[in-house]
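Enquirer:
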Amino acid sequence: MDNLHKYIDTVFQNYPDSPTKDALKDEAEAKYRARIDEGLSEAEALGSVIQELDLESTRQKLENEAAPIFGRPDVPEEEKRKMAAGFRKFQPRFAVGIGLGVVLAIAGIVLSAVAGIYFNNPALTVIAFFVPIAVAVFLFIVLGMRYSSYMSFFRANRMYEYLSADEANRMLRLEYRYKMHPGEDGYKKERRREAASSVLWLITVIAFLLLGFLGDLWHPGWIVFLVAAAIQTLISLL
349 MDNLHKYIDT VFQNYPDSPT KDALKDEAEA KYRARIDEGL SEAEALGSVI QELDLESTRQ
409 KLENEAAPIF GRPDVPEEEK RKMAAGFRKF QPRFAVGIGL GVVLAIAGIV LSAVAGIYFN
469 NPALTVIAFF VPIAVAVFLF IVLGMRYSSY MSFFRANRMY EYLSADEANR MLRLEYRYKM
529 HPGEDGYKKE RRREAASSVL WLITVIAFLL LGFLGDLWHP GWIVFLVAAA IQTLISLL
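Our numbering numbers the first residue of the sequence shown as 349 and each following residue consecutively.
#1: Would Ile481 be called buried (16 or more neighbouring beta carbons within 10 Å of its own) or exposed?
#2: Just the C-alpha distance for Val479 and Ile457, rounded to the nearest angstrom, thanks.
#3: Around the Cβ of Met507, are there at least 16 other Cβ atoms within 10 angstroms (buried) or fewer (exposed)?
#4: Just the C-alpha distance for Gly569 and Pro367, rounded to the nearest angstrom, thanks.
#5: Spatial neighbours of Tyr498 within its chain, please: CB distance less than 6 Å, with the 5 preceding and 5 following residues excluded, ordered by chain position.
#6: From Leu562 to Val474, what distance separates their C-alpha atoms?
#7: For Ile384, collect the residues of the same chain with a Cβ closer than 8 Å to its Cβ; drop the 5 residues on either side in sequence, then sort them by chain order.
#8: How would you write the range of the alpha helix (DSSP H) that Leu448 sits in, first residue to last?
#9: When you compare only the Cα positions, how much space is there between Leu590 and Glu427?
#10: The alpha helix (DSSP H) with Glu386 in it runs from where to where?
#11: Have a look at Trp549 and Leu459 and give me their C-alpha separation to the nearest angstrom.
#12: The alpha helix (DSSP H) with Trp566 in it runs from where to where?
#13: Compare the Cα-Cα distances from Leu491 to each of Gln439, Ser500 and Ala471 and report the closest residue.
#14: With distance defined between alpha-carbon atoms, name the residue in Ile454, Phe477, Val451 and Phe442 nearest to Ala463.
#15: Using a Cβ-Cβ cut-off of 7 Å (strictly less than) and excluding sequence neighbours within five positions of Ser598, which residues of its own chain qualify?
#16: Can you say whether Phe418 is buried or exposed, counting buried as having 16 or more other CB atoms within 10 angstroms of its CB?
#17: Rank Ala371, Leu557, Glu375 and Ser500 by C-alpha distance to the C-alpha of Arg540 and give the top, closest one.
#18: Should Ala587 go down as buried or exposed, given a rule of 16 or more other Cβ atoms within 10 Å for buried?
#19: I'd like to know whether the C-beta atoms of Ala317 and Thr552 end up nearer to each other than 8 Å.
Written as C-alpha cells, this is what we have:
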C-alpha cells in the first residue's frame, strides 16, 4: 500500500494536495485491496492497479485546480505561445547584454586607472569610470526587469517546459511558497518581493555613485554591491 501511495505522490509531486489527488489515492487503494482479495500477490496487485490509473485525466484536473493558487485567471494559449517565443528570442540577448555589462564594468575600472596615470585631470578620470559603469548598470537593470517579467509569467502559468532545468527547479521552489500562501495573497507577496528587489538595486547604485562622487570612495565603494547581494538573499527567503 505504501508503494502505491509513493507512486502516486511521485507522479503528481509538482501539484499541491487536493481532493482530486486524495480521491485518486482512495480509488487506487480500493482497487488494490480488491486485487489482494482476489488472490494476487502485492506486486501483481500493484502492477494491475497502476495500469488502470487514468493519469492524464487526473493531471488535467489537478492543473485546473492549481490555477487559482496563483490568483490569476487562465491565460489564452495564444498569449502563452507568444510569451514563450519572445523568451526564446530574449535569452541570447540577455546573455550578450549581461556579458557586455561585465565587460563595460571592467573597462570602466581600467580606463579610470589609465586616465589617472597619464592625465592629471580628475574630471577625466571620473568620466572614464562613470560612463562605462553607468551603461553597464543600465543594462543590468533593464535586462533584469525584463527577465523577471518572463519568470513571473511562466511561474504564474506553470510553463516549466519552456525553462531550463535550473530555472524550473527555482520555479518549483517558488511554487512551494505559493502553496504555503495560496491565492491572491501569495501572488501579491511575490510581487512585493520583486518590487523590493528593484528598489534595493536602485538604492545600491545610487549609494555607490554618491560614495564615489562625494567621498572619492570608488575603490571600497563596490562593497555596497556585496551587501546588496546579501540583502537580496534575505528578501528571497521571506
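The beta carbon of each residue, even a glycine, is placed where N, CA and C say it ideally should be. Just so we're clear, the structure is a prediction, and the values are computed from it rather than from any experiment.
Expert: Considering the structure as presented:
#1: buried
#2: 11 Å
#3: buried
#4: 55 Å
#5: Phe435
#6: 12 Å
#7: Glu390 and Ala393
#8: Glu425 to Tyr466
#9: Not covered by the structure: residue 590. The range shown for the chain is 349 to 586.
#10: From DSSP, Glu386 is part of no alpha helix (DSSP H); its letter is neither H nor E.
#11: 24 Å
#12: Trp566 to Gly569
#13: Gln439
#14: Phe477
#15: With the chain covering 349 to 586 only, the question about residue 598 has no answer from this structure.
#16: Unreliable positioning characterises Phe418 in this predicted model, as indicated by a pLDDT of 44, which lies under 50. The coordinate reading is nonetheless provided below. Flag for Phe418 reads buried.
#17: Ser500
#18: Residue 587 lies beyond the residue range present for the chain, which begins at 349 and ends at 586; the question has no answer from this structure.
#19: For the chain, the structure presents residues 349 to 586; residue 317 sits outside this window and is missing.
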